[in-house]
Amino acid sequence: KQEVTQIPAALSVPEGENLVLNCSFTDSAIYNLQWFRQDPGKGLTSLLLIQSSQREQTSGRLNASLDKSSGRSTLYIAASQPGDSATYLCAVPTSGTYKYIFGTGTRLKVLA
Amino acid sequence: DTEVTQTPKHLVMGMTNKKSLKCEQHMGHRAMYWYKQKAKKPPELMFVYSYEKLSINESVPSRFSPECPNSSLLNLHLHALQPEDSALYLCASSQDMAGASTGELFFGEGSRLTVL
Numbered sequence: 001k002q003e004v005t006q007i008p009a010a011l012s013v014p015e016g017e018n019l020v021l022n023c024s025f026t027d028s029a030i031y032n033l034q035w036f037r038q039d040p041g042k043g044l045t046s047l048l049l050i051q052s053s054q055r056e057q058t059s060g061r062l063n064a065s066l067d068k069s070s071g072r073s074t075l076y077i078a079a080s081q082p083g084d085s086a087t088y089l090c091a092v093p094t095s096g097t098y099k100y101i102f103g104t105g106t107r108l109k110v111l112a
Numbered sequence: 001d002t003e004v005t006q007t008p009k010h011l012v013m014g015m016t017n018k019k020s021l022k023c024e025q026h027m028g029h030r031a032m033y034w035y036k037q038k039a040k041k042p043p044e045l046m047f048v049y050s051y052e053k054l055s056i057n058e059s060v061p062s063r064f065s066p067e068c069p070n071s072s073l074l075n076l077h078l079h080a081l082q083p084e085d086s087a088l089y090l091c092a093s094s095q096d097m098a099g100a101s102t103g104e105l106f107f108g109e110g111s112r113l114t115v116l
C-alpha cells in the first residue's frame with residue numbers, strides 16, 4: 001500500500017532563503033507526481049506535475065525533481081518570499097485508477 | 001481556462017436540513033471528484049465520477065449523495081449530517097486517470113461546511 005510522507009511538517013524561514021521541501025513515497029512504481037500549494041481555508045493550486053520520465057520540472061522560482069528509485073521528490077523554492085507562505089502537498093497517483101495519495105503536507109512560513 | 005468553480009463558498013446547516021454543494025468545470029475533463037478535508041489534514045477522497053458514471057465511492061455514509069447531471073457538473077447532496085461532518089469540501093477534475101500524462105488534478109476553492 002502506497003504511503004506518502006512529507007518532512008518537515010512545518011518550516012519557518014527568513015525571506016530570501018532558498019529551500020527544499022521533501023516528499024517520500026514507499027511504492028516506486030509511479031508514473032508521475034504532483035505538487036500543490038494550499039492557502040488557509042482555500043482549495044489546492046496545482047504547482048507542478050512531474051512525469052517519471054522527466055526527472056525535473058520547473059515553473060518560475062519552483063523546481064521539482066523526482067527520483068523513483070529512491071522514492072523521493074523534492075520541491076525547490078528559490079529566493080523565498082512572504083507570499084510563498086502556505087501548505088505544500090505532494091500527491092502520488094495509484095496507476096490505473098483515479099486515486100491520488102496525498103502527503104501530510106509541509107506548512108511553510110516565510111518571514112519578512 | 002483551468003478553473004473549477006464551487007458554490008456556495010460557505011454553508012451552515014442544521015442536522016435535519018437538506019442542502020447541496022455544486023461544482024462546475026469547462027475544461028472538458030472526464031473525471032470529477034469530491035474530497036473532504038479537515039483542518040491540518042490532507043484531502044480525503046470521497047467520490048469519483050468518470051464519464052458521468054460513479055467510479056469510486058470510498059465507503060462514504062449515505063447521508064452524502066453525489067450526482068453528476070452532465071460532464072461539466074457535479075453535485076453533492078447533504079442530508080441529516082452530523083457535526084463531525086463539518087469540513088472543507090473540495091471538488092476537483094482531471095482529464096484522465098491518475099498516472100496519465102494528462103492526469104493532472106485541478107481543484108476548486110472549496111465549500112466550507114458547518115453542521116450545527
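Sequence order for the protein chains is C and Z.
Heads up: the first sequence begins at 1 in the working numbering, then just goes up one per residue.
Heads up: the second sequence begins at 1 in the working numbering, then just goes up one per residue.
Ideal Cβ positions, reconstructed from N, Cα and C, are used throughout, including at glycine.
It should be emphasised that the depicted structure is a prediction, and the values quoted were computed from it without experimental measurement.
Does the separation of the CB atoms of C:L48 and C:Q54 fall below 7 Å?
no
Please identify the residue among Z:R30, Z:P69, Z:A80 whose C-alpha is closest to the C-alpha of Z:M15.
Z:A80
Does any CB atom of chain Z fall closer than 7 Å to the CB of C:Y98?
yes
Of all Cβ atoms in chain Z, is any one closer than 7 Å to the Cβ of C:S95?
yes
Thinking C-beta only, is Z:S55 closer than 7 Å to Z:V48?
yes
Report yes or no: is there a C-beta of chain C within less than 7 Å of the C-beta of Z:G28?
no
What do you reckon, are the CB atoms on Z:K22 and Z:N75 nearer than 7 Å?
yes
Contact criterion: CB-CB distance below 7 Å. Does C:G105 meet it with respect to chain Z?
yes
Helix, strand or coil at Z:E52 [DSSP, three-state]:
coil
Classify C:A29: buried if its beta carbon has 16 or more other beta carbons within 10 angstroms, exposed otherwise.
exposed
Does the beta carbon of Z:S55 sit closer than 7 Å to a beta carbon anywhere in chain C?
yes
Find the residues of chain C that neighbour Z:E109, judging by a C-beta separation of less than 8 Å, and give them in chain order.
K42, G43
Chain Z contact for C:Y31 (CB, 7 Å cutoff):
yes
Below 7 Å between beta carbons: does that hold for C:T104 and C:N22?
no
Around the Cβ of C:R61, are there at least 16 other Cβ atoms within 10 angstroms (buried) or fewer (exposed)?
exposed
Chain-order list of residues whose beta-carbon lies under 6 Å from that of Z:T7 (same chain, five-residue window excluded)
K22
Smallest Cα separation from Z:Y51: which of Z:M32, Z:S62, Z:P42, Z:F64?
Z:M32
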